[in-house]
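Trainee:
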Amino acid sequence: RVYRQRSANGLTLSTWWLKLLSYTCSDAYSFRNGYPLSTYIETLIITVEACGVLLLVAHFQRRLDAAFAGLALSYLAAATWALSAAPPEAIALGQSAATALNTCALLPQIAQNAARRSPGGFSPVTATRPA
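Quick note, my numbering runs 41 ahead of the 1-based positions in the sequence shown.
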């Protein structure tokens with residue numbers, strides 16, 4: 042919808058950063074524990090979708106700036122560390138935090154909608170769906 046309308050008005054960028062982080066934590070846990078790809082391919086696809094939505098929201102809100110680049114580099118560094126060198130305890134903590142992150146990801150969007158007294162581009166029906 043964001044791409045089709047060429048607008049991300051009413052959407053919060055932080056919601057999509059938190060969703061991306063949440064899904065990445067789950068992916069890292071599954072990958073590092075050697076689970077078959079078939080057991081987490083859906084989450085991996087949702088991660089890619091969340092990344093795409095994040096980039097679209099940033100693009101249409103004209104927020105592809107130095108701060109966005111800094112966050113993106115930090116995310117890439119953390120993801121690389123999680124996939125290759127993080128201790129098992131850190132991976133387990135990330136997996137435990139994934140659900141809380143995904144739930145909390147909706148809070149900035151809900152707060153913005155309440156402040157604007159409008160649902161903006163946010164749908165309560167699809168809020169709990171991945172991307």
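Where a beta carbon is used, it is the ideal one built from N, C-alpha and C, also for glycine.
Rounded to whole angstroms, what is the Cα-Cα separation between R47 and F101?
Mentor: Each residue's Cα considered, the two are about 7 Å apart.
Trainee: How far does the alpha helix (DSSP H) with P129 in it reach, from first residue to last?
Mentor: That run of the alpha helix (DSSP H) goes 129-145.
Trainee: Under a three-way DSSP split, which group does D68 fall into?
Mentor: Note: D68 maps to helix in three-state DSSP.
Trainee: What residue from R42, A49, Y44 has the CA that sits closest to Q150's CA?
Mentor: For the residues R42, A49, Y44, the minimum Cα distance to Q150 belongs to A49.
Trainee: Please determine, among L78, C92, A156, L96, the residue with the shortest C-alpha to C-alpha distance to Y64.
Mentor: Closest by alpha carbon: C92.
Trainee: Which first and last residues belong to the alpha helix (DSSP H) in which Y76 is found?
Mentor: Note, Y76: premise wrong, no alpha helix (DSSP H); not H, not E.
Trainee: Along the chain, where does the alpha helix (DSSP H) containing A119 start, and where does it finish?
Mentor: Taken as a continuous stretch (DSSP letters only), the alpha helix (DSSP H) holding A119 covers 107-125.
Trainee: Between L95 and L61, is the Cβ-Cβ spacing less than 8 Å?
Mentor: Yes, these two residues count as a Cβ contact at 8 Å.
Trainee: Can you list, in chain order, the residues of its chain whose CB lies under 6 Å from that of V146, leaving out five sequence neighbours each side?
Mentor: First, the amino acid is wrong: residue 146 is Ala here, not Val. Hits under 6 Å: T56, L59, K60.
Trainee: Could you tell me the alpha carbon to alpha carbon distance between I38 and S159, rounded to whole angstroms?
Mentor: Any question about residue 38 goes unanswered here, given that the chain covers just 42 to 172.
Trainee: Using CA atoms only, rank isn't needed, just tell me which of D68, L148, L134 is closest to V89.
Mentor: It is D68.
Trainee: Taking the alpha-carbon positions, what's the S137 to Y81 distance?
Mentor: Rounded to the nearest angstrom, the two C-alpha atoms are 16 Å apart.
Trainee: With DSSP run on the structure shown, which of helix, strand or coil describes S48?
Mentor: Looking at S48 - three-state DSSP - the assignment turns out to be coil, as it is neither helix nor strand.
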